[in-house]
Structures are given as C-alpha cells and as structure tokens.
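Converting from the sequence shown to this note's numbering requires adding 43 to each position, the first position being numbered 1. We put the CB at the ideal spot given by N, CA and C, even for glycine. What follows is a set of notes on a single structure, which appears directly below.
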Amino acid sequence: VSLSFWCGTEAILLALPVAPLPCFKEMETARLVQYLVNDVLGPDRVGPFLEDLAAELEDGGGTATGGRDLAVRNYVVRQLCGLVGPAGLRRFGEAYIASAV
C-alpha cells in the first residue's frame, strides 16, 4: 500500500469551495470565464459573449440562440450556480462580468 494512500491530501486540496466565495476567488472565476471564452469561441467573441452573459445573469435577457455561444453560456451559468449559488448570479454578473466589458 502506498504512502499516499494513508497520507494523501488530495481531498483537502481539491475540496469544492463553499459559497459565498471570497472576493479573490470570485475575481479569479471571472478571469477564468474570459479565458474559457477566448479558448473555445476565439478572442473576437470575448466582448460580445461577456455582454450577453451579463444580460443573462442580471435579468435573463441574453440573446444567444444556439450554437457554441449558447452551449458555452449554459456551461458557465451552470458552473457559476454551483460556485456562487443561484441567488448570487445577479450580483456576480454586475460586479465581475458587466464591469469587464
């Protein structure tokens, strides 16, 4: 039996964060959203995507209707729900996404 089996710290190091997230983790999450959009949709789509995401988080008024934009937006919203909670989506959108546009 390996030593890492008995003394492994993976569960502690990789534990899911608990809401509410500290500000520095929220800022890092917003930055990672930008990187994700850049990598999946391309650098020219980051600004329009963030505008649409901000509208979606603030009042459900996003305009993505299909394709990769919608798939990425759905993924981001789902992950954010897990991190900041459904009630925290609007505040997160106003504080971090809308200000990045």
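Quick check: what's the CA-CA separation for ASP112 versus VAL83?
Within the sequence shown, residue 112 is the residue found at index 69, counting from 1. Within the sequence shown, residue 83 is the residue found at index 40, counting from 1. If I take the Cα positions, the gap works out to 9 Å.
Who are the Cβ neighbours of LEU59 in its own chain at under 7 Å, not counting the five residues just before and after it?
By one-based count along the sequence shown, residue 59 stands at place 16. Excluding residues within five positions, none has a Cβ falling inside 7 Å.
Selection from GLU69, ALA73, VAL80 and ALA130 that minimises the alpha carbon distance to ASP102
Within the sequence shown, numbered from 1, the residue matching residue 102 stands at position 59. Closest option to ASP102, Cα to Cα, is ALA130.
With a threshold of 8 Å on Cβ separation, who are the neighbours of VAL115 within its own chain once the five nearest residues in sequence on each side are excluded?
Numbered from 1 along the sequence shown, position 72 holds the residue referred to as residue 115. For VAL115, where only same-chain residues beyond five positions count, the Cβ hits under 8 Å are LEU79, VAL80, VAL83, LEU84 and PHE92.
Are LEU100 and PHE67 touching if we call contact CB-CB under 8 Å?
As a working mapping, residue 100 is identified with position 57 in the sequence shown. As a working mapping, residue 67 is identified with position 24 in the sequence shown. Against a cut-off of 8 Å, the Cβ pair of PHE67 and LEU100 comes out as no contact.
Use the C-beta contact count for TYR118: other C-beta atoms within 10 angstroms, 16 or more gives buried, fewer gives exposed.
Along the sequence shown, read from residue 1 onward, the residue named residue 118 stands at position 75. Around the beta carbon of TYR118, fewer than 16 other beta carbons lie within 10 angstroms, which makes this residue exposed.
Where ARG74 and GLY109 are concerned, what is the direct C-alpha to C-alpha distance, given to the nearest angstrom?
Locating residue 74 in the sequence shown gives position 31, where the first residue counts as 1. Locating residue 109 in the sequence shown gives position 66, where the first residue counts as 1. Whole-angstrom Cα-Cα distance: 24 Å.
Which residues in the same chain have their Cβ closer than 7 Å to the Cβ of ALA97, if we skip the five residues on either side of it in sequence?
In the sequence shown, counting from the first residue as 1, residue 97 sits at position 54. Excluding positions up to five away in sequence, the list reads GLY136, ILE140, ALA141 and VAL144.
Under DSSP, the alpha helix (DSSP H) around VAL144 begins and ends at which residues?
Mapped onto the sequence shown, residue 144 falls at position 101. Segment: none, VAL144 is in no alpha helix (DSSP H) and carries neither H nor E.
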